[in-house]
Amino acid sequence: MVILSKASEYAIRAVIYIALVGRKGYTPIREISNALDISFHFLTKIFQILTDNNYLVSYRGPRGGIVLAKSSKEITLYDIVTAIDGEQLFHQCAIGLTGCGEDKPCPIHEKWGPIRDDIKNKLMSATIHELVEKMKADELRLADDNVHVNNWFEALKVIKTM
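In numbering that gives the first Met the number 0, the protein residues as written are 0 to 161.
Listed below in structure tokens is the structure:
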């Protein structure tokens, strides 16, 4: 069972990256695409949605890119997921049955409801800022091992000096 769409996964990784880099100015989309091994064109579509929902600000041109529209403390995983995928995750049947609900439940309806509510609550309480801090403290990664970044934190030191 897939919980988050690929677009939501990429959006979360990209927003964490933007917050982690922490530039005063804009982060180029190409840089984000390369660092996270995400298709540039797919990423631009994701960023357009997040910009339309006021989580990012974009600027075109040679010094253009993306920046957070508000503090990373004010952006939750729930914000990102619902901007990209809507709220269907929190309302749909786990096995895809149309009309599943209290009146016509599926076999796992009563088990899935509390799980779905717990996922929603956890996403609502997890801020981008908290995830960035955890990433720094535990030296976590944002991309698969095949990406050409041997050490995320050494790479970020170089990026921050640019």
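Built from N, CA and C at the ideal position, the CB exists for glycine as well.
Name the DSSP beta bridge partners of residue i, please?
i     : result
Ser57 : Ile65
Thr50 : None; Thr50 has no bridge partner.
Under three-state DSSP, which class holds residue i?
i     : result
Thr97 : coil
What's the C-alpha gap between residue i and residue j?
i      : j     : result
Met123 : Ser7  : 15 angstroms
Arg62  : Ile94 : 46 angstroms
Lys165 : Tyr77 : Residue coverage of the chain in this structure runs from 0 to 161, which leaves residue 165 outside it and unanswerable.
Lys69  : Tyr9  : 19 angstroms
Compare the beta carbon distance of residue i and residue j with 7 angstroms and say whether it is the shorter of the two.
i      : j     : result
Thr26  : Ile37 : no
Ala125 : Leu35 : no
Nearest CA to the CA of residue i: which residue from the options?
i      : options                         : result
Gln87  : Val56, Leu55 and Arg115         : Arg115
Pro113 : Ala136, Phe89, Leu96 and Ile127 : Phe89
Ala127 : Gly21, Lys5 and Ile2            : Ala is not the amino acid found at residue 127; the sequence shown has Ile there. For Ile127, the nearest C-alpha among the options comes from Gly21.
Val66  : Arg59, Ile74, Leu55 and Lys72   : Leu55
Asn120 : Val80, Gly98, Val131 and Leu96  : Val80
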